[in-house]
Amino acid sequence: MRVKENLIGAAIAFVLICGAGAIGANYVLKALDGGGKSETADSTETTTKAQPLHVPQVDFAADSAEGKAIAQIKEYHAAFDLKVTGGGLDNFTTDNDNAWNEFLASDALDAKKYEEIGKTLNGVQGLQLDMNTMIELAGIANKKHDPEALRFMHRILHDLDLYAFPNKDTVQRDYWGVTDTVPSEDTANRTEMEKFLTANSNKK
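Listed below in structure tokens is the structure:
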């Protein structure tokens, strides 16, 4: 009888532990998935439902100059995901020098890095234009500490990583449609970015 009770108790404990584990795993997955979706908690953030009008056909070896440039794009996208998604962008207020100084010191905010990527991948249609935009946005971020510059840099890197240069492990989601490399027929997000650039270009 006692053995039967012990078995029943063990079974109940097993079910409870597995259930708690499943709930915990689901929470973590939701948190990770949400991290790539929005820069802030603002629910008005919307991605486009459209698909890219064209996608570059590239097949660069990982150890080639082009392959390494694409790896840099993916690396910088990961850095931006870490810093600005899931509400992280809210840390970059104009008076939070610590947040700005740390991020501005990284390669992900170095305009020269984007210039080099543009030169290396100059055979990819639209890529040089996107790197020019990244250089301009990096300049605004450095000079003005405007978090909107970080928002748009993240969106460009996101689209390039997940849609222009996906690999076998890439999970495509949250297409912003803000690049020349993988443009969208839905230009709402692109227009928003261009208005920001126009408002901040050549201003001191």
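Note that the working numbering has the sequence shown beginning at 144, numbered continuously upward.
Ideal Cβ positions, reconstructed from N, Cα and C, are used throughout, including at glycine.
- [ ] Mind the definition here: the region 287-305 touches the region 220-230 only if three or more C-beta pairs lie below 8 Å; say whether that holds.
- [x] yes
- [ ] Indicate whether D289 and H301 have their beta-carbon atoms separated by less than 8 Å.
- [x] no
Task: Limits of the alpha helix (DSSP H) - the one that T263 falls within - done: A254 to T263
- [ ] State the Cα-Cα distance for the pair D253 and E328, rounded to the nearest angstrom.
- [x] 30 Å
Open item on the list: Within 10 Å of its beta-carbon, does E245 have 16 or more other beta-carbons around it, so buried, or fewer, so exposed?
Closed with: exposed
Task: Selection from T324, E291, A212 and N239 that minimises the alpha carbon distance to Q200 - done: T324
Task: Whole-Å CB distance - A212 paired with L264, under 8 Å assumed - done: 5 Å
Task: Reduced DSSP category for Q271 - H, G, I as helix; E, B as strand; rest coil - done: helix
Open item on the list: Given a cut-off of 8 Å on the beta-carbon distance, is the pair Y257 and A281 in contact?
Closed with: yes
- [ ] Since I believe A331 is in contact with T191 (beta carbons under 8 Å), could you give me their beta-carbon distance rounded to a whole number of angstroms?
- [x] 7 Å
Task: L196 burial status per 10 Å Cβ neighbour count (16 or more: buried) - done: exposed
Task: Terminal residues of the alpha helix (DSSP H) in which F223 lies - done: A208 to V227
TODO: Would you mind reading off the limits of the alpha helix (DSSP H) that contains A342?
DONE: A331 to N343
Open item on the list: Mapping the DSSP letters down to three states, classify K192 as helix, strand or coil.
Closed with: coil
TODO: Check whether the Cβ atoms of L293 and F235 lie closer than 8 Å to each other.
DONE: yes
Task: Buried versus exposed call for P309 [16 or more other C-beta atoms within 10 Å across all chains shown] - done: exposed
Task: Spatial distance of A242 from N343 (CA atoms) - done: 22 Å
Task: Own chain, CB closer than 7 Å to D304, minus 5 neighbours either side, in chain order - done: I216, K217 and H220
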